[in-house]
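One structure below.
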Amino acid sequence: MSEKRDYYDVLGLKKGAGIEEVKQAYKELAKKFHPDLNKEAGAEEKFKEVLEAYQVLSDSQKKANYDQYGHAFEGFQGYQRQGGSQGSGFDFDFESLFRNMGGFEEFGFGDLFGSSFGRQSARTRKTRGSNLRVDLKISFEEAAFGTEKEIVFDRLEKCHACKGTGAKDGELNTCPQCKGRGTISETRRMPFGIFTTQSVCPKCNGTGRTAKNICKECKGEGRILARKTIKAKIPAGVNTGNHLRMEAMGNEGNAGAGDLFVVIFVENHKIFKRDNYDILAEIPISFSEAALGAKIDVPTLEGNVSLNIPAGTQAGTIFRLNGKGIKHLESRARGDEFIKIIIETPKGLSKKQKELFEEMSKEEKQKEKRKGLF
Numbered sequence: 087m088s089e090k091r092d093y094y095d096v097l098g099l100k101k102g103a104g105i106e107e108v109k110q111a112y113k114e115l116a117k118k119f120h121p122d123l124n125k126e127a128g129a130e131e132k133f134k135e136v137l138e139a140y141q142v143l144s145d146s147q148k149k150a151n152y153d154q155y156g157h158a159f160e161g162f163q164g165y166q167r168q169g170g171s172q173g174s175g176f177d178f179d180f181e182s183l184f185r186n187m188g189g190f191e192e193f194g195f196g197d198l199f200g201s202s203f204g205r206q207s208a209r210t211r212k213t214r215g216s217n218l219r220v221d222l223k224i225s226f227e228e229a230a231f232g233t234e235k236e237i238v239f240d241r242l243e244k245c246h247a248c249k250g251t252g253a254k255d256g257e258l259n260t261c262p263q264c265k266g267r268g269t270i271s272e273t274r275r276m277p278f279g280i281f282t283t284q285s286v287c288p289k290c291n292g293t294g295r296t297a298k299n300i301c302k303e304c305k306g307e308g309r310i311l312a313r314k315t316i317k318a319k320i321p322a323g324v325n326t327g328n329h330l331r332m333e334a335m336g337n338e339g340n341a342g343a344g345d346l347f348v349v350i351f352v353e354n355h356k357i358f359k360r361d362n363y364d365i366l367a368e369i370p371i372s373f374s375e376a377a378l379g380a381k382i383d384v385p386t387l388e389g390n391v392s393l394n395i396p397a398g399t400q401a402g403t404i405f406r407l408n409g410k411g412i413k414h415l416e417s418r419a420r421g422d423e424f425i426k427i428i429i430e431t432p433k434g435l436s437k438k439q440k441e442l443f444e445e446m447s448k449e450e451k452q453k454e455k456r457k458g459l460f
């Protein structure tokens, strides 16, 4: 038999392409060569080749092993058992051999050999629907106090017209390609023997059944894309990167639905900066307020409060307001608010102000202090 093509070449991708690129390439090629859509000679074989490449490169662990080892069997070329010829005299468990080599079990040799080693066949294998992710942007205040948001998203659901069968009125026939087994077999001559491998039937996707008449609603897919609207309660204290898990709200599969993950992104605030559950605000005061002391209003998340500025307060001084920060997610405790004092230098002084500052400068001893530094 001819040498198996590189999986990346099969999908028209560069070596090492990402999983998203693999999925996109597969979608395009599967539509192009699917036997139900393409009746040209050789289309079915090309579809099988594309499917095989996708099954490996769309799985992160299988892909990593393939990137490292290429087609796994190649490492065993030229092997012969002493005293025997190729293809005869083998009396040990090949699956155990591959598994003990390290990493090959995850690479999928169990699936490759299929029921030859007592594994579950593709026909009976059930798959859960994939998870979905929705990014949700909320305000600083909504993150601090909690909120309820309406979330709109699209998910794959079982077609109600055909009840997920893909067939009009649910009428199914035995798959003509796999004869109802859900798998197809392929015999290959390897350097160390002849092997029969099994893979998922591309015509029925492992179900063993095909539609007598394709459902018009879902075009035979068994699932349709539906827009959903739900309300999600956002707890107080969430921060960017936190997520909510909505069970069974992801895409539906024949073994149940995946989950929906709502990932939170918190908008910046024009006054406050956040540090875990604490918040920081920079508040400007004048020279006279810093020198003489003052009582000023400062903002908090719940409105303004009064803050005493002692006489002689220096720039950069930080005051702490206990319990004025953000509520902890896991308890009723709250963080603190920190007020950093910024002393503003006046600009555009009036004549009287200049006279006052000049008089004050005469009383100050800063020049003498600077001289002492040198």
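Residues 87 to 460 (this note's numbering) are what the sequence shown spells out, left to right. Glycine included, each C-beta is placed from N, C-alpha and C at the ideal position. All figures in this text were calculated on a predicted structure; none of them were measured in a lab.
Which residue from the options puts its Cα closest to that of residue i?
{"i": "D531", "options": "R420, A376, L97 and G389", "result": "Coverage of the chain is limited to positions 87 through 460, which leaves residue 531 absent and any answer about it impossible."}
{"i": "L442", "options": "V220, F373, A229 and N291", "result": "F373"}
{"i": "K134", "options": "S146, A116 and S144", "result": "A116"}
{"i": "S225", "options": "G292, A401, Q110 and L387", "result": "L387"}
{"i": "G292", "options": "G402, L378 and G266", "result": "G266"}
{"i": "D95", "options": "E126, N124, G128 and E138", "result": "E138"}
{"i": "I412", "options": "R360, N328, L123 and G104", "result": "R360"}
{"i": "D255", "options": "F239, T403 and N299", "result": "N299"}
{"i": "K149", "options": "G104, K113, N124 and V136", "result": "G104"}
{"i": "K289", "options": "N408, K223 and I270", "result": "I270"}
{"i": "Q263", "options": "N362, P121 and Y93", "result": "P121"}
{"i": "A343", "options": "P432, R214, T260 and Q147", "result": "R214"}
{"i": "T296", "options": "N328, P396, N259 and L415", "result": "N259"}
{"i": "K410", "options": "L366, P432 and E107", "result": "L366"}
Would you call residue i buried or exposed, if buried means 16 or more other Cβ atoms sit within 10 Å of its Cβ?
{"i": "K101", "result": "exposed"}
{"i": "E450", "result": "exposed"}
{"i": "N390", "result": "exposed"}
{"i": "F162", "result": "Reliability fails at F162, whose pLDDT of 32 lies under 50, so the model's placement of it is uncertain and the value that follows must be treated cautiously. That one is exposed."}
{"i": "F351", "result": "exposed"}
{"i": "G98", "result": "exposed"}
{"i": "E444", "result": "exposed"}
{"i": "E257", "result": "exposed"}
{"i": "E228", "result": "buried"}
{"i": "K440", "result": "exposed"}
{"i": "A81", "result": "No answer is possible for residue 81: the residues shown for the chain start at 87 and end at 460."}
Starting from residue i and walking both ways along the beta strand (DSSP E), at which residues does that stretch end?
{"i": "E228", "result": "Per DSSP, E228 belongs to no beta strand (DSSP E); it is in the alpha helix (DSSP H), F226 to F231."}
{"i": "K319", "result": "R309 to I320"}
{"i": "K289", "result": "Per DSSP, K289 belongs to no beta strand (DSSP E) and is neither H nor E."}
{"i": "E368", "result": "D364 to I371"}
On the DSSP letters alone, give me the boundaries of the alpha helix (DSSP H) that residue i sits inside.
{"i": "K440", "result": "K437 to E449"}
Going by the beta-carbon positions, is the gap between residue i and residue j smaller than 9 Å?
{"i": "E430", "j": "F358", "result": "no"}
{"i": "I324", "j": "G232", "result": "According to the sequence provided, residue 324 is Val. The question's Ile does not apply to it. Yes, these two residues count as a Cβ contact at 9 Å."}
{"i": "G336", "j": "R241", "result": "yes"}
{"i": "G252", "j": "E338", "result": "no"}
{"i": "K317", "j": "K235", "result": "yes"}
{"i": "I428", "j": "F405", "result": "no"}
{"i": "F119", "j": "A127", "result": "no"}
{"i": "I371", "j": "A380", "result": "yes"}
**Request:** Count the CB pairs spanning the stretch 215-230 and the stretch 282-297 that are closer than 8 Å, and state whether there are at least three.
**Result:** Too few Cβ pairs lie closer than 8 Å, so no.
**Item:** Cβ contact check for the stretch 293-304 and the stretch 237-247: 3 or more pairs under 8 Å
**Value:** With the cut-off at 8 Å, the stretch 293-304 and the stretch 237-247 touch.
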